[in-house]
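> Numbering-wise, the working numbering comes out as the position in the sequence shown, counting from 1, plus 687.
Ideal placement from N, C-alpha and C gives every residue a C-beta, glycine not left out.
Predicted model only: the values in this text are computed from it and were never measured.
Before we start, here is the structure in question, set down as C-alpha cells.
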Amino acid sequence: MRVCFLNPSYGDDFVRVARWSAKSRGRVQRHPEFLLTTAQVLLNQGHHVEFVEAAARNMAPEAAMDVVCNFKPELLLIHATTPSIYSDIAQAKTIKERSGCKVAFVGQHVTAEPDNTFAIGRGVVEYILRREYDFTLRDLANGMECNKILGMSWDEGQRIIHNPDRPAMDVNELPFPAWQLIQPEWYPDGGKKFPFLTLITGRGCNNACTFCRDPQLMYGYRLRNRDALKVVDEMEYDLKVHPQIREIMFETDTFAADKKHVTQVCNEIIHRGIHKKISWSCNMRVNTDLELLPLMRKSGCRMLMTGFEFGTDEQLRAIRKGGVSIQMASGYAKRAHDLGFTIHGCFMIGAPGETRESARKTIDFAKSLPLDTIQITGVAAYPGTTLYQWAKENNYLLTQNWSEWLTSQKEQRTLLNYPQLSSKEIDELIDTGLKEFYLRPKQMWQMLISIRSVGDLLRKFHGFKAFVQYFSQKLTGKLKSQPAGVNRIMATITQNDSVSL
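Quick look at the structure:
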C-alpha cells in the first residue's frame, strides 16, 4: 500500500508532537519520533511510505498538499491536535478530493474525542487509530478486515464503530525510527546541541499527574522500558543514519525512574565508548535517586530537562505530582549543579487553587535554583485528562471550542480561568516570570560565560532571538493568517459542525 504520513503545518513554528500543541515560546521544534517509528513498521512490511514534514519546515499547506498528492497515496495518516483539528481536517479534505485516498487520524486528541472528530470530519476521516497506533496502522495497511483491527474506530457508513482497545505492546518489538525520512537540521532548539535527535527509551509512566496526556490517553500508567542494549543500539543507529548529530535527547518522560535500567544504559554507553563521540540529555523528575547522577554524568549526560513544575507543595499536590516536594527539588538541583550538569527547569502556573501569591512563589523558586534555562507554561487541560474533566465540571474552562485553543498568533493560551486568578492574569504572570528570570544581570552573565564553542553561540543566539521575537510579538500583536484556501475550507467545516464541543 502507498501510505503518506503528513505532519501538517498550522502557522509558522507550530509544534505538533510536543506536550503542548502550540507555537513554542522558545521557538523549538520536536522530532516526530513516534510517527517515524510507525513509518518504519510499514517499511518493514514492504509498504511504500512518504513522510511530509510540513510543520517543522513551515511549509505552506498548499505546497505540502501538492507533495502528498504527487505521491498518489492510497492512505493518508495525520497526527491531529486539539487546536489544529479543523485545519487538519481541511487539509485532509483537499487531499482526499484530489487523490481519492482514505484518511486515518492518530494522536491524543482523536483518542480522547473520536466521536467529535468523526462528526466534524464527516465524509473525510474514515479511521481513527486510538492510543498506540504502530501495529494498528500495520494491520490496516496489510488489509485486515476493519472489524478485526484492535484499537481502531471507523466509519462504516451508517454508524461509527469502536473496536476494542489494543493491549499495551512489548516495546522491544518496535523498530528504530525511520530517521532517513527527515533531516535533524529541521528541528531547532536553543537548549540542545545542534543538530540532535530524540530517542524514546520506553513508553508509559508510573505517575498520575492530572494534566499529562500521554499516560492517560496513549501509553498507560506502567513504564515499559526497552532493553538497555537496544537503547544503546539505537544510539549507534542514529549516528550511522545522521553522523552529523551532536546530541541525543532521551525524550522518555521518566527516563530515570528505574535505577537498574538507567545503570545498565549508562554502563553500556561507557562500554561502547559512545560517550566519547556524542553527548546525551534526558527528562527528569526531582525525586530521582541522586546516586545515579555521577554515573549519568560519566556516561556523557549533559543536560537534565527537569519538571520542577511549582514553587509550593500545595500546588504540586493539586496536580498529583506524587512523591516530590520543594525541599526535594532544591536538593536535586544543587547536587546536579555541583556535578556540572546543565539544568533546564520546567515550571507551570495555573494549578487548581492557584493564586497570585502561589504563582509568585513559583517564579521566586525558579530564580532561587541554580538553573541554566527555564520554561514557564500555563497548565494545559487537554481533552481526555482528569484535569480537563474537573475543569469542565466546575466551569473553569475559558472555552470548549477547539478553534479558540490558541491565540491568533498560535501561541499557547491559558484556558483555565479561576474566580481568584483569571486566565489573563496567568498569562501575565508567565511573561513576568520569564523576564524576571532571564533579564537578571547574573543570569545573563552566566549564559554568556557558558559559551564554549560556535555551536554554543548558535544555540544561545537562537534562544535570544526566540525571547525577543516572543515579547515583541506580544507588544505589536502582529499575526500571520492562514492561506485563503485553507481558511475557506476551515470555515465551511466549522459552520457545518453542529456538535457541542
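1) I'd like to know whether the C-beta atoms of D1059 and I1030 end up nearer to each other than 8 Å.
2) May I have a chain-ordered list of the beta strand (DSSP E) segments no shorter than 3 residues that lie completely inside the region 723-778?
3) In angstroms, rounded to a whole number, what distance separates the CA positions of Y820 and M856?
4) Which residues in the same chain as E1123 place their Cβ atom closer than 8 Å to its Cβ, once the five residues preceding and following it in sequence are excluded?
5) Please tell me whether V811 and A767 are closer than 8 Å, where the distance is taken between their beta carbons.
6) Do F995 and C953 have their CB atoms nearer than 8 Å?
7) For N694, count neighbouring C-beta atoms within 10 Å of its own C-beta (all shown protein chains included) and say buried if the count is 16 or more, exposed if not.
8) Quick test of your reading: P871 and Q727, contact by CB under 8 Å. State the CB separation rounded to the nearest angstrom.
9) Could you tell me the boundaries of the beta strand (DSSP E) in which H849 lies?
10) Write down the C-beta distance between N745 and D700 rounded to the nearest angstrom, noting that I regard them as a contact closer than 8 Å.
11) With E737 and C691 assumed to form a contact (beta carbons below 8 Å), what rounded beta-carbon distance in angstroms separates them?
12) Tell me the residue span of the beta strand (DSSP E) that contains S711.
13) Is DSSP giving E832 helix, strand or coil here?
14) Kindly list the residues whose CB is nearer than 7 Å to the CB of R913, restricted to its own chain and excluding five residues on each side of it in sequence; keep chain order.
15) Tell me which residues share the same chain as I847 and place their Cβ nearer than 8 Å to its Cβ, disregarding the 5 neighbours each side in the sequence.
16) Do you know how far the Cα of S1090 is from the Cα of L1166?
17) Please report the distance separating the alpha-carbon of S696 from that of D1000.
18) May I ask you to report which of helix, strand or coil DSSP gives T804?
19) Among D1114, E832, L1121, whose alpha-carbon lies nearest the alpha-carbon of A1067?
20) Determine the DSSP secondary structure at V1032, reduced to helix, strand or coil.
21) Do you know whose CA, among V1011, I965, E1041, lies nearest N1002's CA?
22) Can you tell me whether DSSP reads K1167 as helix, strand or coil?
23) For the region 926-935 against the region 974-986, do three or more pairs of beta-carbon atoms, one drawn from each stretch, fall closer than 8 Å, so that the two count as touching?
24) Quick check: S968 and K879, are their CB atoms within less than 8 Å of each other?
25) Three or more C-beta pairs closer than 8 Å, one from the region 1074-1091 and one from the region 1099-1109: is that the case here?
26) Looking at the secondary structure, which residues open and close the beta strand (DSSP E) in which R689 lies?
27) Can you give me the C-alpha to C-alpha distance between L824 and A777, rounded to a whole angstrom?
28) Beta-carbon within less than 6 Å of D876's beta-carbon, same chain only, minus the 5 sequence neighbours each way: which residues are those?
29) How long is the line joining the alpha carbons of T950 and P760, rounded to whole angstroms?
30) If I1061 sits next to I1036, beta carbons under 8 Å apart, how far is it from one beta carbon to the other, in whole angstroms?
Quick answer:
1) By the CB criterion at 8 Å, D1059 and I1030 fall inside the cutoff.
2) Qualifying beta strand (DSSP E) stretches, in chain order: 735-740, 762-766.
3) The straight-line gap from Cα to Cα measures roughly 10 Å.
4) Result list for E1123: I1050, K1054, in chain order.
5) No, Cβ-Cβ distance for V811 and A767 is not below 8 Å.
6) No, Cβ-Cβ distance for F995 and C953 is not below 8 Å.
7) It counts as buried.
8) Actually they are not in contact, since the Cβ atoms of P871 and Q727 sit about 16 Å apart, beyond 8 Å.
9) Here the beta strand (DSSP E) through H849 covers 847-849.
10) Under the criterion of beta carbons closer than 8 Å, N745 and D700 qualify as touching, at roughly 7 Å.
11) 5 Å between Cβ atoms; contact.
12) Element bounds for S711: n/a, residue is neither H nor E.
13) Correct three-state label for E832: coil.
14) The beta carbon of R913 lies closer than 7 Å to those of V858, N859, T888, G889 in the same chain, with the five residues before and after it left out.
15) Correct list, in chain order: P801, D802, F805, S840, W841.
16) Low local confidence applies: a pLDDT of 41 at L1166 is under 50, so the model's placement there is unreliable, with the coordinate-based value given in what follows. C-alpha separation (whole angstroms): 16 Å.
17) Using only the alpha carbons, I get a separation of about 39 Å.
18) If DSSP states are grouped into helix, strand and coil, T804 belongs with the helices.
19) D1114 is the residue among D1114, E832, L1121 whose C-alpha sits nearest the C-alpha of A1067.
20) According to the sequence as given, residue 1032 is Gly; it is not Val. In the three-state reduction of the DSSP assignment, G1032 falls in the strand class, which pools E and B.
21) The question names Asn, yet the displayed sequence has Gln at residue 1002. Nearest C-alpha to Q1002 among V1011, I965, E1041: E1041.
22) Residue placement at K1167 cannot be trusted, given a pLDDT of 42 that sits under 50; the coordinates are not used to answer.
23) Judged by Cβ distances under 8 Å, the region 926-935 makes no contact with the region 974-986, as fewer than three pairs qualify.
24) The Cβ-Cβ distance between S968 and K879 falls below 8 Å.
25) Flag = yes, the region 1074-1091 and the region 1099-1109 touch.
26) That run of the beta strand (DSSP E) goes 689-694.
27) Their backbone Cα atoms lie some 22 Å apart in a straight line.
28) So the qualifying residues of the chain are V715.
29) Those two C-alpha atoms are separated by around 44 Å.
30) Not quite, the Cβ-Cβ distance comes to about 12 Å (not below 8 Å), so this is no contact.
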